[in-house]
Amino acid sequence: MRDLQSFDFDKSQYERVNQKWICGNQSTGQDCAKGPDARGQCRAGAECKPYKNGDRWECARSILQGGKCEHGPQGDGGCYHRIPPCKPIRSLRARRGLMVAGVGFVCLALAALFSAAPLRDLVINPGSLSAKHSAKVQQCDSCHDKKTANPVHWLGLAFADTNQTKPSACVNCHKIGATAMNPHNLDGEQLKTIKTRLQVSLKDNAVQRFNLFSDAPDSNASGKVQCDTCHKEHRGKHTDLKRVENFRCMDCHVSRHVDFKDEHPEFVDFAYSRRTHLRFDHGKHFEKYFKEEKVAEHAPESCASCHSPDNESGVMVSRSFKDGCMRCHKNDTTAESFTEKGVVFFRLPSLDLDTLSANNISIGQWPDGLEDEELTPMMLFLLSSNEELRPLLEQLAARELNLAELDGVPPETLQLVGKLINHLKDLLLIMANQSSQWLSLVETLANQRLDEVSRAAVENFLPAQQMNRAFAIWIPNLSIEKLLRNRGKQADNKLVPVDHELLQTDANTVRPGRWYVQGYALLYRPKGHEDEMLRTWLEVSRAAIMNKNTVAMELLNNLAHEDTPGQCMRCHSVDNVDGVVSLNWKARNLPPEKRLFTVFSHAPHMKVLKADQCNTCHNLNSKADYAGGYKDMNPFVYQSNFLAIQKQTCAQCHSASKVGDTCVTCHKYHLTKTLINGDLKKVAAR
Amino acid sequence: MSIRIKNRLLRFSALLIIALIYYWLHQQYAMARLEPAFLSGWLMLGILLLLILFNLRKKFSYLPLGNAHTWAQLHYYAGMLLVLVFLLHIGMRYPTGVFENLLFYFFVLAILTGLYGIYISRAFPRRFSSRGEYLIFERMPAFRQALREKIEGLVSQSIEQLHSTAITEFYSKRLLPVLSKPQNFWLHLFNSGAPYARWDTQFAAVYRYMDEKEIEITQQIKQLFYQKLDLDYQYANQAMLKYWLFLHIPISYGLVILVLYHLLLTYSFSGGL
């Protein structure tokens, strides 16, 4: 087929496809050569416009249209060949242009329609809010700027330099605090503490990462992190707003940990970053004690015998003392095995009365026969309610001064000793009278109002009958001397002979939880585990330490000593982290929400492990000097009973293809205020 | 390997490198606590405008703005890059909002019609030399009319010379109804041989009732009629090369309008420029 189309100059006319209008007869193949004009009007007429050659009219039809016709023009110069008129139509290009305009118009109309109030919130909403938010938020301007409710303001808002997603919209409900937009909600100092800790522990991995757009690594807390950086809303009701991709963390964290198994740093001392709150030597118990014949029947069969996951909080809980430890340690808390059954709370000290009298210092009566007795830590503590006496009490606590040998002591100190003894006598009267002054004095020392249990323990501190009897024997004129002192008179110094028979008690006959007199001392025999008396005075001494009472530490050390009857602190450790003293009455079972950075929960892990598979993660370290970690109050200098858990152990399940390995699977971003203040000091202390 | 294939590989390699560079930038942006949708959004708008410039370039053909082939290649590869940026922009997830859905479908339609355009602009030209000659689309009705007149001439000849009614009857009943308009549009578009086979059967059937002279004229008619079939084939393929733009271009312009509206919404609701 080579004869349909010819491109010879006289056989092929030029096609003007760009023209808007074409001949209406084109579809039948009978289109005219002229074609319509630019306005789409048909220009049909004659096929040619004859010209005059001398006196003859000549045909001017072009060769493309067949050349000169046979008949030639009419006599008057007209053409015989008329072009049939048509109704011009738009060219393809013009029709396409119309369609573009039409679609454009429809899109503009849709945009206008979408901006109109009835449809706006429904249509322009980029997606429904997450389930909880959609239940509470009804209007766009609940979170966005109020002006967004009116499309007139949209252009202005688009060019405004402020962020129209109000951070307050989130923190109105989510109470994160003034530092809500700071990284990890920490202020500059707190962030610096964390950063220093990370740089120390992760120094091998702390390679500065290049990022074309980031200024975060050096910005510290000055860089703000908007909520929607991580929490992407408008992605449907079933969106998990807490799901955060790993790379979101990588801007500030210079170490790259996108893949847990290969990129996360090895664990340093996980999960034993500090000694346990309760001192329990797993190594010795399992490798020595439980193997002894006498306790074999009480020995646990596996970890699950004492530990089980709490499904609500997710933490592992240990059996109580009553259900577990007491099987073997029943008598330890009542001092049954001790020679001295009671805790010495009060004891009159030996006094160099001669020196005091020689220096005209009046103290009144003092019992005869005291042999090198010292003030007890409890008495030092109670006497410290008199601020003036504190330097003297500190000297006595440090054994720099002996009240039994005052010869050569400067007169000013002797004056203080006189005041100390008189203050001691006042104190005895307050205690003996059980007056309200007593509770007030203790609460002043603790610098806090005690809870009801503690108040009851303090108020019932000493049975009046026993105290009055003891005081009457020790210092018969105790009340009279007080009257004289109140009148500004001095009582004569005098040693009082004491019937020692009256001051002897057989401690073995004293029931637990009772007081008794032994010589010039008052003692308390602990009643067993959870003794309110001992616990109250331990807490009072702790509170006084926090109130900068310099002699309270002596009392705490005394009560917390493992040879002190009751032996509370043989298992319950005392922490002192940067001057913050805490008594650990309970095992450290932090639920996920109370952990600082991690969200580990035992419960789901125990669902995939059998009861005897705890050693998948926890393996005994028999060489560790566990007890050595409790020699002082620093909880971070210790050796754990267990070998640190290896990252590889976790990576067996925590990978992208198994149970997930995102940063937020194990780590928290938001650190609550209450946790931050206390725990960051611990972080720094490490 | 031909130069054309080499060039194509080269262009694909360049596209791949650019795509990888953008992907890296996208990740960097996200890691910098910035919203990568803003980066990808602006890039998409830029690419979209570049793609539209190709259409405008054709309107200003008198300006020295590079040749059309270069622009077409740029249009194809930029369009493919746009697909990648689009997927990153929407976070590989199906949009949930009503307007977002509309925008999504406009984009998908623009991309699909564009990809179809790339396919036919590369595959169809080969067809024009496989059946008949390449014809100017606008002249096809005239050629169809010319063929019809030639066939009618042969039919008249058969009446005058042979007094045959068989040819006249065959022409009037079978051929005439299909000579005035293009036929078998979709079959030709799918490069089917069915129309030719069907007419082979029809002509073979009519030969049985003719003598030698009638067959001779009928064969001439068949030759002309098959030229008409080739003409229809050319028409169908050329028409598709023009008609797909009736979808692609309006959708693309509509998309630009919706994208600008999307931009306005995004910035007015999420922050200043």
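Each protein sequence line maps, in turn, to chains A and B.
Reminder that position 186 of the first sequence reads as 186 in our numbering, one-by-one numbering, no gaps.
Every number in our numbering is 1000 more than the matching position in the second sequence, counting from 1.
Each residue gets a CB set at the ideal place from its N, CA and C atoms; glycine is no exception.
In the DSSP assignment, the beta strand (DSSP E) including Lys52(A) goes from what residue to what residue? 51-53
On the criterion of 16 or more Cβ atoms from any shown chain inside 10 Å, does Asp31(A) qualify as buried, or is it exposed? buried
Candidates Tyr1267(B), Val1256(B), Pro1195(B), Ser1180(B): which alpha carbon is nearest Leu108(A)'s? Val1256(B)
So the candidates are Phe1203(B), Glu1160(B), Leu1175(B), Glu1133(B); which of them puts its Cα closest to the Cα of Arg1148(B)? Leu1175(B)
Could you compute how far the alpha carbon of Val1155(B) sits from the alpha carbon of Ile63(A)? 29 Å
In chain B, which residues lie less than 7 Å from Ser320(A) when you measure between Cβ atoms? Residues of chain B passing the Cβ test: none, with the nearest at roughly 47 Å.
Name the residue from Ile1052(B), Gln1183(B), Gly1153(B) whose alpha carbon lies nearest to the alpha carbon of Gly1237(B). The amino acid at residue 1237(B) is misidentified as Gly; the sequence shows Asn. Asn1237(B) has its Cα closest to that of Gln1183(B), out of Ile1052(B), Gln1183(B), Gly1153(B).
Name the DSSP bridge partner or partners of Leu590(A)? BP columns for Leu590(A) are empty, so no partner.
Can you tell me whether Gly45(A) is buried or exposed, with buried defined as 16 or more other CB within 10 angstroms of its CB? By the neighbour-count criterion, in which 16 or more other beta carbons inside 10 Å mark a residue as buried, Gly45(A) falls on the exposed side.
Whole angstroms are fine: how far does the CA of Ala1146(B) sit from the CA of Glu1133(B)? If I take the Cα positions, the gap works out to 16 Å.
Gly418(A) vs Ser357(A) beta-carbon contact at 8 Å: Not a contact, by the Cβ cut-off of 8 Å.
Beta-carbon neighbours of Cys23(A), restricted to chain B and to distances below 9 Å: What Cys23(A) touches in chain B: nothing, since even the nearest Cβ is about 10 Å away.
Answer yes or no: does any C-beta atom of chain B fall closer than 8 Å to that of Arg96(A)? yes
Secondary structure at Met1001(B), three-state DSSP: helix, strand or coil? In the structure shown, Met1001(B) sits in coil (DSSP, three-state: anything other than H, G, I, E or B).
CB contact check: Gly104(A) to chain B, cutoff 8 Å: yes
Three-way DSSP call (helix, strand, coil) for Arg90(A) in this model: strand
Lys494(A) - containing beta strand (DSSP E), residue span: 494-496
Ser601(A) versus Gly314(A) - alpha carbon distance: 5 Å
Local Cβ density within 10 Å of Pro698(A), reported as buried at 16 or more and exposed below that: Outside the displayed span of chain A (1 to 686) sits residue 698(A), for which this structure offers no information.
Taking Gln30(A) as the query, report the chain B residues whose CB atoms sit under 9 Å from its CB, ordered along the chain. Pro1141, Ala1142, Gln1145
For the alpha helix (DSSP H) that Trp438(A) lies in, which residues bound it at each end? 436-446
If His1089(B) sits next to Gly1046(B), beta carbons under 8 Å apart, how far is it from one beta carbon to the other, in whole angstroms? Contact flag wrong, Cβ pair sits at about 13 Å.
Nearest to Asp269(A) by CA position, among Ser657(A), Cys650(A), Asn589(A), Ile645(A), is which residue? Ile645(A)
What number of angstroms, rounded off, separates the C-alpha of Leu1043(B) from the C-alpha of Val1085(B)? 8 Å
Which residues of chain A have a Cβ atom closer than 7 Å to the Cβ of Ala1030(B), listed in chain order? Phe247
DSSP state of His285(A), grouped into three classes? helix
If I measure Cβ to Cβ from Ile545(A) and keep anything under 7 Å in the same chain, skipping five residues before and after, which residues do I get? Contacts found: Ala552, Met553, Leu556, Val581.
From Asp55(A) to Ala33(A), what distance separates their C-alpha atoms? 28 Å
I'd like to check one pair, Asp332(A) with Gln567(A): are the Cβ atoms closer than 8 Å? In terms of Cβ geometry, Gln567(A) and Asp332(A) form a close pair [threshold 8 Å].
Is there a Cβ from chain A that is less than 8 Å from the Cβ of Val1296(B)? Residue 1296(B) falls outside the range modelled here, since chain B spans only 1001 to 1273, and no answer is possible.
Closest by C-alpha distance to Ala397(A), when choosing among Met378(A), Val106(A), Ala296(A), Leu583(A): Met378(A)
Whole-angstrom distance between Val1178(B) and Ala1239(B), CA atom to CA atom: 18 Å
According to DSSP, which residues form a beta bridge with Phe642(A)? Leu620(A)
At which residues does the alpha helix (DSSP H) containing Val1155(B) begin and terminate? 1140-1157
Anything in chain A within Cβ reach of Phe1246(B), meaning under 7 Å, just list it in chain order. Arg96, Met99
Could you check whether the Cβ of His238(A) sits closer than 8 Å to any Cβ belonging to chain B? no
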